[in-house]
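Student: Protein chains in written order, with our numbering: chain A, 6 to 120; chain B, 5 to 122. Think of the CB as a built atom: it goes at the ideal place given N, C-alpha and C, for glycine as much as any other residue.
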Amino acid sequence: AQKVTQAQTEISVVEKEDVTLDCVYETRDTTYYLFWYKQPPSGELVFLIRRNSFDEQNEISGRYSWNFQKSTSSFNFTITASQVVDSAVYFCALSSNNAGNMLTFGGGTRLMVKP
Amino acid sequence: DAMVIQNPRYQVTQFGKPVTLSCSQTLNHNVMYWYQQKSSQAPKLLFHYYDKDFNNEADTPDNFQSRRPNTSFCFLDIRSPGLGDAAMYLCATSRDRVGGGYSNQPQHFGDGTRLSIL
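1. Check whether chain B comes within 9 Å of N63(A), counting only Cβ atoms and requiring the distance to be less than that.
2. Need the endpoints of the beta strand (DSSP E) that V9(A) sits in, please.
3. Quick check on G46(B): does DSSP put it in helix, strand or coil?
4. I'd like to know whether the C-beta atoms of Y37(B) and L49(B) end up nearer to each other than 9 Å.
5. Counting only Cβ pairs nearer than 9 Å, list the residues of chain B close to R55(A).
6. If we ignore side chains and look at the alpha-carbon of each, how far apart do I9(B) and Q111(B) end up?
7. Tell whether a beta-carbon distance below 9 Å holds between Y93(B) and Y14(B).
8. Going by C-alpha distance, which of R55(A), D34(A), Y37(A) is nearest K43(A)?
9. Give the residues of chain A in contact with L94(B), contact being defined as C-beta atoms less than 9 Å apart.
10. Measuring CB atoms only, is the stretch 77-86 of chain B touching the stretch 66-76 of chain A, in the sense that at least three cross pairs come out at less than 8 Å?
11. When Cβ atoms are compared, which residues of the stretch 28-49 of chain B fall closer than 7 Å to chain A?
12. Pick from F96(A), V18(A), F40(A): whose alpha carbon is nearest that of E64(A)?
13. Based on Cα-Cα distance, which residue from Q45(B), T64(B), S43(B) lies nearest to H52(B)?
14. Under 8 Å by Cβ, that's how I've got N108(B) and Y38(A) pegged, so tell me the actual separation to the nearest angstrom.
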């Protein structure tokens with residue numbers, strides 16, 4: 006069975022602070038895919054990034070960066086110089102062909118960025 | 005812009021009165037999904053279609069049905085809504101990949117329909 010754990014249910018920061026959202030996953034598959042989604046108050050889930058299990062290269066996209074470490078089964082997400090518009094619930098998710106192609110979501114982390 | 009559109013944005017129905025939620029997509033994706041999301045929880049997959057093939061999750065109540073008349077449209081029917089069915093319902097799409105399987109494809113979500121039961 007697959008499992009995704011986001012231990013931080015809620016984080017509050019002040020604008021311009023850096024913040025890291027943790028994600029730890031469990032899977033028996035050797036090939037799998039990790040995702041981050043953002044869900045702002047309006048409700049839609051917005052795809053942010055996908056990472057393949059065989060590619061441990063970290064990625065940076067503007068103020069967003071992701072740190073994938075297979076040794077610790079973690080796929081953490083860092084927002085640099087946070088802004089109020091970053092306030093949302095962030096979901097980490099896992100999928101694999103052997104697990105029916107479906108997304109297994111973590112419980113989500115609610116990020117509140119205060120001005 | 006290509007997108008996933010859900011109607012209506014908000015739906016109110018009476019206890020036990022059937023309700024249908026709709027989803028359309030202009031992405032031409034093979035796969036369409038329906039999720040239920042309750043407050044402060046992660047989305048929970050109800051079922052999905054791979055083209056016309058329907059795949060029901062084991063724990064989806066019989067009260068929930070779905071139809072996909074063509075590639076672009078998918079409907080969620082709740083036959084006899086109970087108070088516990090009040091939630092946000094999210095539709096998503098994804099494409100498959102060359103060689104089969106779609107687990108590596110990101111899902112594209114609509115804005116959701118928030119269902120209230122009176």
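Tutor: Quick look at the numbers:
1. Residue mapping note: residue 63(A) aligns to position 58 of the first sequence, counting from 1. False, the Cβ-Cβ gap to chain B never drops below 9 Å.
2. In the first sequence, counting from the first residue as 1, residue 9(A) sits at position 4. Start and end: 8-10.
3. Here residue 46(B) refers to the residue found at position 42 when the second sequence is read from its first residue. Per the sequence shown, residue 46(B) should be read as Ala rather than Gly. In the three-state DSSP reduction, A46(B) falls in the coil class, being neither helix nor strand.
4. Walking along the second sequence from the start, residue 37(B) turns up at place 33. Walking along the second sequence from the start, residue 49(B) turns up at place 45. Annotated as proximal: Y37(B) and L49(B), with beta-carbon spacing under 9 Å.
5. Taking the first residue of the first sequence as 1, we reach residue 55(A) at position 50. What R55(A) touches in chain B: N108, Q109, P110.
6. Numbered from its first residue, the second sequence carries residue 9(B) at position 5. Numbered from its first residue, the second sequence carries residue 111(B) at position 107. Going from the Cα of I9(B) to the Cα of Q111(B) covers about 14 Å.
7. Taking the first residue of the second sequence as 1, we reach residue 93(B) at position 89. Taking the first residue of the second sequence as 1, we reach residue 14(B) at position 10. It is not a contact, given that the beta carbons lie outside the stated cut-off.
8. Mapped onto the first sequence, residue 43(A) falls at position 38. Among R55(A), D34(A), Y37(A), the Cα nearest to that of K43(A) belongs to R55(A).
9. As a working mapping, residue 94(B) is identified with position 90 in the second sequence. Correct list: G48, E49, L50.
10. No: the two stretches stay apart, fewer than three of their Cβ pairs being nearer than 8 Å.
11. Result list: A46, P47, L49.
12. Against the first sequence, residue 64(A) aligns to sequence position 59. Nearest option by C-alpha distance: F40(A).
13. Indexing the second sequence from 1 puts residue 52(B) at position 48. Residue T64(B) is the option with its Cα nearest to H52(B).
14. Within the second sequence, numbered from 1, the residue matching residue 108(B) stands at position 104. Within the first sequence, numbered from 1, the residue matching residue 38(A) stands at position 33. That belief holds up - the Cβ atoms of N108(B) and Y38(A) are roughly 5 Å apart, short of 8 Å.
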